[in-house]
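Under full-length UniProt numbering, the sequence shown has 27 at position 27, and the numbering climbs by one with no breaks.
Everything below concerns the one structure shown next.
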Amino acid sequence: MSATDRPFADRAAVERGTTAERTPTAKRDTYTPETLLAVAVRVFNERGYDGTSMEHLSKAAGISKSSIYHHVSGKEELLRRAVSRALDGLFAALEEPQAQHGRAIERVEHVTRRTVEVLMAELPYVTLLLRVRGNTQTERWALERRREFDQRVSDLLKAAAADGDLRADMDIRLATRLLFGMINSLVEWYRPHPDGVDREQLADTVVRLAFDGLRTG
């Protein structure tokens with residue numbers, strides 16, 4: 001018996017089944033690498049990268065694992081894209097004119113402010129970057145890039161001290177760690193909200209707290 005010869009109730013069931021089969025396909029068609037990345041970052045931050053499987057990502061995205069593999073080779077590629085987004089924002093701040101020219105103290109203050117702004121703008125991605133532990137090749141690469149960024153900021157602090165703009169009784173390496181410790185702690189409590197902390201105000205406050213105590217005068 002063909003579908004058209006079946007009773008109405010049976011034909012309706014067939015039609016519902018056909019619709020159900022089409023829905024995931026339509027969803028896959030509208031999914032993009034960017035939206036998939038956003039879902040992956042959320043799950044990585046919630047479960048931890050090691051605790052996340054492709055099945056977890058599939059359920060969170062509402063698409064099949066094969067659909068995910070259509071966009072990326074696996075979860076490590078998603079991790080690489082996510083931490084690259086955070087790192088690109090941080091390193092871009094080092095290349096801005098205000099970070100390249102002028103007295104070292106002014107340059108490092110600019111980089112500090114921009115680091116806070118990048119953290120707030122890319123909060124989920126920076127949060128993930130700060131949580132990598134070096135268990136995979138991508139994580140080790142990310143940690144190395146983070147150390148490179150920290151070293152460049154430390155070099156700016158050393159230059160500012162050599163210029164006489166920072167206190168002579170300060171250990172530069174310790175100051176660098178404390179500076180980034182304060183900035184990185186923002187991921188634990190800062191949440192974007194219309195009635196929340198103003199981004200510019202927060203960045204200015206971090207700079208004042210750090211450098212009012214570090215400057216010579």
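Every residue gets a Cβ at the ideal spot worked out from N, C-alpha and C, and that includes glycine.
Nearest to residue i (by Cα), restricted to the options the options
i              : options                           : result
leucine 129    : Arg145, Val116 and Arg177         : Arg145
tryptophan 189 : Leu202, Leu57, Lys158 and Thr138  : Leu202
threonine 127  : Asp198, Thr32, Leu57 and Leu87    : Leu87
aspartate 50   : Arg140, Leu179, Arg191 and Val132 : Val132
glycine 181    : Val116, Ala82, Leu78 and Gln100   : Val116
lysine 59      : Val39, His71, His70 and Gly48     : Val39
Three-state class that DSSP yields for residue i in the structure shown
i            : result
tyrosine 167 : First, the amino acid is wrong: residue 167 is arginine here, not tyrosine. In the structure shown, arginine 167 sits in coil (DSSP, three-state: anything other than H, G, I, E or B).
arginine 208 : helix
arginine 47  : helix
arginine 215 : strand
proline 33   : helix
valine 197   : coil
arginine 133 : coil
Residue range of the alpha helix (DSSP H) that includes residue i
i              : result
residue 231    : Residue 231 lies beyond the stretch modelled for the chain, which goes from 1 to 217, so this question has no answer here.
aspartate 88   : 75–94
isoleucine 172 : 172–184
glutamate 188  : No alpha helix (DSSP H) holds glutamate 188; DSSP gives it neither H nor E.
threonine 138  : 137–162
serine 66      : 65–71
serine 58      : 54–61
Inter-residue Cα distance where the pair is residue i and residue j
i              : j           : result
serine 84      : serine 67   : 23 Å
asparagine 45  : arginine 80 : 14 Å
glutamine 98   : leucine 90  : 14 Å
serine 73      : proline 124 : 22 Å
lysine 75      : alanine 168 : 47 Å
leucine 94     : leucine 157 : 13 Å
valine 119     : valine 187  : The question names valine, but residue 119 is leucine in the sequence shown. Their backbone Cα atoms lie some 8 Å apart in a straight line.
arginine 147   : valine 111  : 15 Å
histidine 56   : alanine 142 : 23 Å
leucine 37     : leucine 78  : 6 Å
methionine 170 : leucine 179 : 13 Å
Close-in-space but distant-in-sequence residues of the same chain around residue i (CB under 8 Å, 5 per side omitted)
i             : result
aspartate 165 : Arg103, Ala104, Ile105, Arg215 and Thr216
residue 231   : This structure does not reach residue 231, given that the chain is present from 1 up to 217, and the question cannot be answered.
arginine 173  : Ser154
Contact set for residue i: own chain, Cβ-Cβ below 7 Å, skip 5 residues either direction
i                 : result
alanine 160       : Ala104, Ile105, Val108 and Leu166
phenylalanine 211 : Glu109
asparagine 184    : Leu130
arginine 152      : Leu94
threonine 136     : Glu76
residue 220       : Since the first and last residues shown for the chain are 1 and 217, residue 220 lies out of range.
valine 41         : Ala82, Pro124, Tyr125 and Leu128
Residues near residue i in its chain [Cβ-Cβ closer than 6 Å; skip 5 each side]
i            : result
leucine 209  : none
arginine 199 : Met120
Closer than 8 Å to chain C by CB, residue i
i            : result
glutamine 98 : No chain C appears in this structure, which consists of one protein chain only.
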